[in-house]
Structures are given as structure tokens and as C-alpha cells.
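Chemist:
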Amino acid sequence: MKDYYTDDLAEETGRLFFHWAEDHLDMDKMITQYMSSHFRENVDKRYAKFCTQMWYEMAEQFESVQGDAEYDVVLCDWLGNFYTYLQAYTGKSSKEIIGQYPFQEMYMKSNVLHDLDMELAVKKVAG
Numbered sequence: 001m002k003d004y005y006t007d008d009l010a011e012e013t014g015r016l017f018f019h020w021a022e023d024h025l026d027m028d029k030m031i032t033q034y035m036s037s038h039f040r041e042n043v044d045k046r047y048a049k050f051c052t053q054m055w056y057e058m059a060e061q062f063e064s065v066q067g068d069a070e071y072d073v074v075l076c077d078w079l080g081n082f083y084t085y086l087q088a089y090t091g092k093s094s095k096e097i098i099g100q101y102p103f104q105e106m107y108m109k110s111n112v113l114h115d116l117d118m119e120l121a122v123k124k125v126a127g
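In this note's numbering, the protein residues as written are 1 to 127.
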């Protein structure tokens with residue numbers, strides 16, 4: 001059965017990560033906090049109340065952690081999409097995904113992966 005939430009959810013998660021990077025937040029902490037959260041657990045279960053939120057509604061649920069590193073906002077946006085599609089593809093929880101594919105590691109790899117078709121990138125990483 002088709003998951004009708006995944007595409008919109010991936011887009012909004014990408015926007016969320018974009019804005020966090022743009023605001024110079026600690027992306028490692030923010031994304032790990034997000035992916036390990038009760039909010040994301042409900043997203044993984046595809047509860048409509050959580051899957052239909054806009055990026056700014058999602059952002060309100062997380063305390064900002066200021067950082068000192070600069071991140072490419074385009075790569076961070078792509079990673080928001082990627083993590084969502086990876087979760088949908090593998091069926092693993094977002095908490096498991098961020099544990100297995102930590103932000104810093106994936107950020108470094110995203111420089112190459114983001115040039116691939118998203119489905120191919122997910123399959124390449126997931127094996």
C-alpha cells in the first residue's frame with residue numbers, strides 16, 4: 001500500500017533541517033534530538049496529526065541548540081528528505097536510523113549522495 005505521507009513529510013523535514021542550518025544551530029544535536037524524539041516516533045507510525053505538520057510547526061516542538069559550525073543548507077535540506085525516505089524504505093524507527101547513520105557521517109557522504117536520484121541514494125546506503 002502506498003504511503004501517502006512520505007513525500008510531503010520528506011519535504012517538510014528537509015525544510016526544517018534547512019532552517020536549522022540557516023539559523024546556525026548545532027545540526028548534530030538538533031537532528032539527533034529530532035530523529036530520537038517522541039514526535040518522530042509518532043511520525044514513524046504515520047499518525048496524521050504528526051505527519052501533516054509544516055516545518056515551522058515541527059520546529060516549535062524542539063529547543064534550539066546554538067552551534068558554531070556552518071553547514072550547507074542545501075545538503076541539510078537533502079538530508080531531511082533522505083532520512084525520511086530511508087526510514088520509509090527500511091521500516092526501521094527514526095531512532096534506529098540516526099543511530100546507524102549519524103548526522104556527521106551522513107553529512108560528509110551527502111556531498112556525493114545528493115547528486116544521485118533519491119531512490120538510488122537510499123538503496124545505496126541501506127544496502
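Idealized CB from N, CA, C, for every residue including glycine.
How about M35: is its C-beta nearer than 8 Å to some C-beta of chain D?
Modeler: Absence of chain D from the displayed structure is noted, only one protein chain being present.
Chemist: Find out if the Cβ-Cβ distance for the pair W55, E22 is shorter than 8 Å.
Modeler: Taking the sequence shown and counting its residues from 1, the one referred to as residue 55 is at position 55. Taking the sequence shown and counting its residues from 1, the one referred to as residue 22 is at position 22. Contact: no.
Chemist: Closest to Q87 by C-alpha separation, out of M30, R40, Q33, L16, would be which residue?
Modeler: Locating residue 87 in the sequence shown gives position 87, counting from the first residue. Comparing Cα-Cα distances from Q87 to each of M30, R40, Q33, L16, the minimum goes to R40.
Chemist: In its own chain, which residues sit with a C-beta less than 7 Å from the C-beta of T32, not counting the 5 before and 5 after it?
Modeler: The residue given as residue 32 occupies position 32 in the sequence shown. Closer than 7 Å at Cβ, skipping near neighbours: I98, F103.
Chemist: Taking only three categories from DSSP, how would you classify Q100?
Modeler: In the sequence shown, residue 100 corresponds to position 100, counting from 1. Helix at Q100.
Chemist: Drop a sphere of 10 angstroms on the beta-carbon of V74, count the other beta-carbons inside from all chains shown, and report buried for 16 or more, exposed for fewer.
Modeler: Sequence index remark: in the sequence shown, residue 74 carries index 74 (1-based). Answer is exposed; the Cβ neighbour count stays below 16.
Chemist: Output needed for T90: all residues of its chain with C-beta closer than 6 Å, excluding positions within five of it in sequence on either side, in chain order.
Modeler: Here residue 90 refers to the residue found at position 90 when the sequence shown is read from its first residue. Excluding residues within five positions, the ones whose Cβ falls inside 6 Å are A126.
Chemist: Helix, strand or coil for Q61? Go by DSSP, reduced to three states.
Modeler: Start at 1 with the first residue of the sequence shown, and residue 61 comes out as number 61. Reduced to three states, the DSSP call for Q61 is coil.
Chemist: To the nearest angstrom, how far is the alpha carbon of G67 from that of M27?
Modeler: Here residue 67 corresponds to residue number 67 of the sequence shown, with the count starting at 1. Here residue 27 corresponds to residue number 27 of the sequence shown, with the count starting at 1. Cα-Cα distance, rounded: 7 Å.
Chemist: Can you list, in chain order, the residues of its chain whose CB lies under 6 Å from that of Y71, leaving out five sequence neighbours each side?
Modeler: Position 71 of the sequence shown, counted from the first residue, corresponds to residue 71. Cβ neighbours of Y71 beyond the five flanking positions: A21, M27.
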